[in-house]
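I have placed the structure first, in the form of structure tokens, so that the comments after it can refer back to it.
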Amino acid sequence: MSEASNPVQAASVIILRPAAPRRFEVLLTRRPEGMAFCGGMYCFPGGTVRNEDCSDAVANRSRGLTSSAARTIVGAHFSPRRALGLWIAALRELFEEVGILIAVDENGRPVGSSPERNARLAEKRSALAAESISFLSILQSENLFCDTARLAYFSHWQTPARDPIRFDTRFFLAELPPDQTPLASSYEVAQSQWVTPDDALRCFAHGEMPMIIPTFASLRTLADFDTIESLFKEFAYRKER
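Sequential numbering from 1147 applies to the sequence shown in this note's numbering.
Take a look at the structure:
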């Protein structure tokens, strides 16, 4: 079997924030031009699922969604740990690429923001990107747990068989945590930008925001909703079809 016939599991997060008067914006990131996959394209933060994302150790550092519940959502062809690993990978990639950490403390409270913690997390995020530390070690050292309940399953896309680089990607929805601001750029992000789905689609139509089909289709679906509340009401308990 050729490599092209075996897409790599991946996860991506569509981050949302309210926008006046009742609409919402999404976070789009533009990939650096020189990247092998989707270089120069606008997309949502995300990346490959790693073995560590599916480990017992990381699962024990998550709250809100059990492994069996994750498997119920994405299907029995996943083991419970591999299913939950999709949520973990999405949260890890979100932190690694744009610095947003969706986590809670041991009492279930959302991660607090302070200059000291922000400085520590920024340093650890850089080390994570350089692969000198693991996401698990960051969670352990900060005594934090992935808040998987904050991610709502959204959609599933697979790169066509004809493409040389292929991904089998699950997309999730999450609202921007209070007091957190995404990085303007990082090693995998040339630029991050808040935009309404309608404006993003207009920019695409004018050739100003190149994007692949999953990004365009996601934005088209999002444009049908007026509020974040209505969007989560629709997708909060959706299973993969």
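Idealized CB from N, CA, C, for every residue including glycine.
- In the three-state reduction of the DSSP assignment, residue 1376 falls in the helix class.
- With a threshold of 16 other beta carbon atoms within 10 Å, residue 1179 falls short and is exposed.
- In the DSSP assignment, residue 1302 forms a beta bridge with 1316.
- In the structure shown, the three-state DSSP call for residue 1194 is strand.
- Taken in chain order, the unbroken stretches of beta strand (DSSP E) that lie wholly in the segment 1156-1181 and span 3 residues or more are 1169-1176.
- The beta carbons of residue 1196 and residue 1291 sit no closer together than 8 Å.
- According to the DSSP assignment, residue 1339 belongs to the beta strand (DSSP E) that extends over 1337-1341.
- When DSSP reads this structure, residue 1351 sits in no beta bridge, so it has no partner.
- Residue burial is scored here from C-beta neighbours: residue 1188 has at least 16 other C-beta atoms within 10 angstroms and is therefore classed as buried.
- Contact check for residue 1190 against residue 1373 fails: the beta carbons are separated by 8 Å or more.
- Exclusion of the five residues before and after residue 1184 leaves 1177, 1358 as the residues of its chain whose Cβ lies within less than 8 Å of its Cβ.
- DSSP, read as helix, strand or coil, puts residue 1203 in helix.
- Nearest neighbour of residue 1237 by Cα position, chosen from 1222, 1281, 1275, 1264, turns out to be 1281.
- Residue pairing of residue 1256 in beta bridges, as defined by DSSP: 1250.
- Leaving aside the five residues that flank residue 1347 on each side, the residues in its chain whose CB is nearer than 6 Å to its CB run, in chain order, 1365.
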